[in-house]
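K.L.:
Quick one: this structure, given as structure tokens, is what I'll be asking you about.
2 protein chains.
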Amino acid sequence: MPRPRTHDQALRLRLLDEGGRLLAAEGPAALTTRRLAERAGTSSSAVYSLFGDKAGLLRAMFAEGFHRLARRFAELPRSDDPASDLMALGYAFRAHALANPHLYDLMFRSPFPGLDLPVEDCEDALATFQVLVSAVRRCLEAGAIAPADPEEVAKVLFGLVDGLAGLELRGWLGEPEVAGKCWELALGVALRGLQRPEEEPSLSWRPPSYRSGEGRGGGREPGPVAGSQGRAVPARRATSRR
Amino acid sequence: MPRPRTHDQALRLRLLDEGGRLLAAEGPAALTTRRLAERAGTSSSAVYSLFGDKAGLLRAMFAEGFHRLARRFAELPRSDDPASDLMALGYAFRAHALANPHLYDLMFRSPFPGLDLPVEDCEDALATFQVLVSAVRRCLEAGAIAPADPEEVAKVLFGLVDGLAGLELRGWLGEPEVAGKCWELALGVALRGLQRPEEEPSLSWRPPSYRSGEGRGGGREPGPVAGSQGRAVPARRATSRR
DNA sequence: TCTCCTTTCGAATCATCGTTATGAAACATC
DNA sequence: GATGTTTCATAACGATGATTCGAAAGGAGA
Chain A
0 MPRPRTHDQA LRLRLLDEGG RLLAAEGPAA LTTRRLAERA GTSSSAVYSL FGDKAGLLRA
60 MFAEGFHRLA RRFAELPRSD DPASDLMALG YAFRAHALAN PHLYDLMFRS PFPGLDLPVE
120 DCEDALATFQ VLVSAVRRCL EAGAIAPADP EEVAKVLFGL VDGLAGLELR GWLGEPEVAG
180 KCWELALGVA LRGLQRPEEE PSLSWRPPSY RSGEGRGGGR EPGPVAGSQG RAVPARRATS
240 RR
Chain B
0 MPRPRTHDQA LRLRLLDEGG RLLAAEGPAA LTTRRLAERA GTSSSAVYSL FGDKAGLLRA
60 MFAEGFHRLA RRFAELPRSD DPASDLMALG YAFRAHALAN PHLYDLMFRS PFPGLDLPVE
120 DCEDALATFQ VLVSAVRRCL EAGAIAPADP EEVAKVLFGL VDGLAGLELR GWLGEPEVAG
180 KCWELALGVA LRGLQRPEEE PSLSWRPPSY RSGEGRGGGR EPGPVAGSQG RAVPARRATS
240 RR
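If you're matching them up, the sequences are chains A and B in order.
Going by numbering that gives the first Met the number 0, the first residue of the first sequence is number 0, and it counts up by one from there.
Going by numbering that gives the first Met the number 0, the first residue of the second sequence is number 0, and it counts up by one from there.
The structure is reproduced here in structure tokens:
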């Protein structure tokens with residue numbers, strides 16, 4: 000007897016993707032409930048009936064992005080060559096970024112620091128990182144890469160692919176073919192660099208040690224470094240002081 | 000004869016840094032002229048007398064960030080070991096990020112896509128990248144790394160350090176000492192990987208080729224995948240800040 | 001002390017935000 | 001077709017945004 004509902008799962012997904020596109024195209028300030036509703040061909044109240052409020056929309060976008068990434072990772076076959084599997088993970092990450100450029104910033108750049116994500120929204124996110132750690136660990140066990148701390152290796156590899164994906168999505172890697180060559184170069188370099196043992200001296204030079212307040216003044220205080228004291232896990236953002 | 004001016008260079012710099020801190024702490028939406036003025040101990044019209052409008056402030060923040068980075072690069076000594084110089088560039092990038100965490104997003108994450116930057120504001124930015132390319136080129140000429148396209152190598156290295164810096168500033172690399180080990184690992188791996196020639200087969204496996212249609216579309220059609228979770232109503236009500 | 005000129009502050013303006021209350025719209029049933 | 005029930009779009013509300021503009025503030029010369 001009721002009116003047929005249009006605020007359904009299809010609209011929900013449309014809002015998530017369209018919201019991402021708005022975010023990617025015009026930045027966080029442009030992602031308003033009104034503009035989103037207009038783009039999705041509905042009214043702004045759809046956001047409230049489907050997500051509760053705007054923060055709920057953002058949380059859902061975040062969760063959706065990591066859900067897609069987790070699924071992509073889960074679909075990768077596991078071969079008996081752990082190094083190949085590790086590389087495949089890198090290319091899968093790239094494929095995810097290219098397929099979901101509109102969700103990338105929300106997933107990895109926290110454009111809304113005030114947003115705090117409940118643990119259940121972070122599960123997929125943490126799981127994807129653990130997939131990487133596991134792949135590294137298998138490489139270590141198989142002797143495919145030189146001994147090292149798997150967590151650290153995973154962080155470095157994630158830094159690499161995150162950096163590359165960010166560059167590619169901003170168009171800084173050039174045409175797709177050039178970008179593809181960069182990815183091959185990057186992942187090849189990483190793997191070769193990990194294979195060769197670290198002891199082998201490639202350099203006479205030693206890196207500097209960073210005492211915590213080093214740099215030249217970014218202002219009065221030597222090292223604001225607000226974000227660098229955080230925990231090891233990308234949990235939620237602490238709400239700012241104020 | 001006039002009233003003594005307080006909208007001077009000192010206030011200008013204070014606004015740039017304080018604006019960066021606001022941006023880093025609470026995101027683009029929190030960077031308003033009112034809040035910035037309050038933090039800097041002035042009135043919002045200071046922004047207009049010093050920068051013309053809010054976009055001018057953002058442009059100045061961007062330019063200031065790259066000016067500092069360019070200066071830091073320019074101050075690096077050039078040794079006769081190009082590989083060491085290349086590594087030093089990486090650590091200098093890290094030092095810049097740690098000393099200016101509040102400007103990092105604005106420099107490398109474009110949180111205001113609508114902002115268009117005139118060429119003169121981008122000169123330092125382009126120059127810093129060319130410093131990297133030159134350092135790579137010197138390594139190639141000296142045979143310190145295996146033959147490769149210097150632009151591509153520079154892009155990959157920039158991707159690596161950008162990714163790492165982003166992770167560190169968000170606290171995802173852990174405590175500073177752990178983060179430092181990640182940087183050493185990363186740059187060491189990169190250099191070793193670049194030294195070993197690419198032909199040396201390290202892998203039986205070939206990367207996938209990305210047909211250009213694959214992702215670019217923005218995930219409009221590919222597997223939504225996620226409606227499966229099914230919950231429609233968010234429940235949590237996290238009011239916005241304040 | 002009183003002008004005059006420059007500079008800054010804060011109130012006012014207009015637009016737009018997130019969010020909500022209200023009434024119209026759309027069907028099933030009678 | 002009338003009725004009842006559920007659902008959605010619209011208009012409104014209060015808050016806050018960027019920006020502007022008149023009035024006040026502060027010294028210099030008289």
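Backbone N, C-alpha and C fix where the C-beta goes; we use that ideal spot for every residue, glycine too.
Please read these numbers as outputs of a predicted model, since none were measured by experiment.
First and last residue of the alpha helix (DSSP H) that includes F50 (chain A)?
P.N.:
S44 to F50
K.L.:
Can you list the residues of chain A that P27 (chain B) reaches, using a CB-CB cut of under 9 Å?
P.N.:
G26, P27, A28, P110 and F111
K.L.:
Say whether chain B places a C-beta atom closer than 7 Å to the C-beta of L85 (chain A).
P.N.:
Using a CB distance cut-off of 7 Å, L85 (chain A) does not count as an interface residue toward chain B.
K.L.:
Quick check on the burial criterion: 16 or more other C-beta atoms within 10 angstroms. Buried or exposed for S48 (chain B)?
P.N.:
Exposed, because fewer than 16 other Cβ atoms sit within 10 Å of the Cβ of S48 (chain B).
K.L.:
To which residues of the same chain is D7 (chain B) closer than 7 Å at the C-beta, ignoring the five residues directly before and after it?
P.N.:
none
K.L.:
Ignore the nearest five residues each way along the sequence and tell me which others in G64 (chain B)'s own chain have a CB closer than 7 Å to its CB.
P.N.:
N99, L102, L105 and M106
K.L.:
Can you list, in chain order, the stretches of the beta strand (DSSP E) that have 3 or more residues and sit fully within the stretch 46-103 of chain B?
P.N.:
none
K.L.:
Would a check of beta-carbon distances place E119 (chain B) closer than 7 Å to chain A?
P.N.:
no
K.L.:
Please decide whether C181 (chain B) counts as near chain A, where near means a Cβ-Cβ distance under 7 Å.
P.N.:
yes
K.L.:
In chain order, what residues of the same chain have a beta carbon less than 7 Å from the beta carbon of F92 (chain A), not counting five sequence neighbours either side?
P.N.:
Scanning its chain for C-beta atoms nearer than 7 Å, with the 5 sequence neighbours on each side dropped, one finds around F92 (chain A) the residues V160 and A164, in chain order.
K.L.:
So, at 6 Å on beta carbons, what are the nonlocal neighbours of T5 (chain A) in its own chain, with the 5 sequence-adjacent residues on each side left out?
P.N.:
none
K.L.:
I need the straight-line Cα distance from A145 (chain B) to A87 (chain A), nearest angstrom please.
P.N.:
24 Å
K.L.:
Just curious, the alpha helix (DSSP H) that E140 (chain A) is in, first and last residue?
P.N.:
V118 to E140
K.L.:
In whole angstroms, what separates the C-alpha of G158 (chain A) from that of A185 (chain B)?
P.N.:
9 Å
K.L.:
Can you pull out the residues from the stretch 31-63 of chain B whose beta carbon lies closer than 7 Å to at least one beta carbon of chain A?
P.N.:
none
K.L.:
Quick check on DSSP: helix, strand or coil for R4 (chain A)?
P.N.:
In this structure, R4 (chain A) counts as coil in the three-state DSSP scheme.
K.L.:
Closer than 9 Å by beta-carbon distance: list the chain A residues that pair up with V130 (chain B), in chain order.
P.N.:
The contacting residues do not exist; V130 (chain B) stays about 16 Å from chain A at best.
K.L.:
If we call anything under 7 Å between Cβ atoms a contact, is M60 (chain A) one with L15 (chain A)?
P.N.:
yes
K.L.:
Assess, as a yes-or-no matter, whether the stretch 117-131 of chain B is touched by the stretch 66-75 of chain B under the definition of 3 or more beta carbon pairs within less than 8 Å.
P.N.:
yes
K.L.:
Got a sec: is the Cβ-Cβ distance from S158 (chain A) to anything in chain B below 7 Å?
P.N.:
For the record, residue 158 (chain A) in the displayed sequence is Gly; it is not Ser. Answer yes: the Cβ-Cβ gap between G158 (chain A) and chain B drops below 7 Å somewhere.
K.L.:
Report the option in A:R195, A:E151, A:R191 and A:A28 whose CA atom is closest to the CA atom of E174 (chain B).
P.N.:
The residue from A:R195, A:E151, A:R191 and A:A28 with its alpha-carbon nearest to that of E174 (chain B) is A:E151.
K.L.:
Check the Cβ-Cβ distances between G18 (chain B) and every residue of chain A, and say whether any is below 7 Å.
P.N.:
no
K.L.:
Give the secondary structure of A9 (chain A) by DSSP, where H, G and I count as helix, E and B as strand, and everything else as coil.
P.N.:
Note: A9 (chain A) maps to helix in three-state DSSP.
K.L.:
Run the CB neighbour count on G216 (chain A), radius 10 Å, all protein chains shown included, and call it buried at 16 or more, exposed below.
P.N.:
Unreliable placement is indicated for G216 (chain A), whose pLDDT of 37 sits below 50; the coordinate value is still reported in the next sentence. Its Cβ having fewer than 16 others within 10 Å, G216 (chain A) is exposed.
K.L.:
Whole angstroms is fine: what's the gap from D84 (chain B)'s alpha carbon to C181 (chain B)'s?
P.N.:
19 Å
K.L.:
With H, G and I counted as helix, E and B as strand and the rest as coil, what does DSSP make of R169 (chain B)?
P.N.:
R169 (chain B) falls in the coil class under three-state DSSP.
K.L.:
Would you say E176 (chain B) lies against chain A (beta-carbon separation less than 7 Å)?
P.N.:
Not flagged as an interface residue toward chain A: E176 (chain B), since no C-beta distance is shorter than 7 Å.
K.L.:
Can you pull the chain B neighbours of E151 (chain A), defined as C-beta to C-beta under 7 Å?
P.N.:
K180, C181 and L184
K.L.:
On the CB-based measure, 16 or more other CB atoms within 10 Å of its CB, does R169 (chain A) come out buried or exposed?
P.N.:
exposed
K.L.:
Buried or exposed: which applies to E176 (chain A), given that a residue is buried once 16 or more other Cβ atoms fall within 10 Å of its Cβ?
P.N.:
exposed
K.L.:
State buried or exposed for E17 (chain A), treating a residue as buried only when at least 16 other CB atoms are found within 10 Å of its CB.
P.N.:
buried
K.L.:
Taking a contact to mean a Cβ-Cβ separation below 7 Å, would you say L116 (chain B) touches R58 (chain B) in this structure?
P.N.:
yes
K.L.:
My guess is that A143 (chain A) and P81 (chain A) are in contact by the Cβ rule of under 8 Å, so how many angstroms apart are they, rounded?
P.N.:
5 Å
K.L.:
Just checking: is the beta-carbon of S133 (chain B) within a distance shorter than 7 Å of some beta-carbon in chain A?
P.N.:
No, no contact with chain A.
K.L.:
Should R136 (chain B) be flagged as near chain A, meaning a C-beta pair shorter than 7 Å?
P.N.:
Chain A has no Cβ within less than 7 Å of the Cβ of R136 (chain B).
K.L.:
In angstroms with no decimal places, state the Cα-to-Cα distance between L22 (chain A) and A28 (chain A).
P.N.:
8 Å
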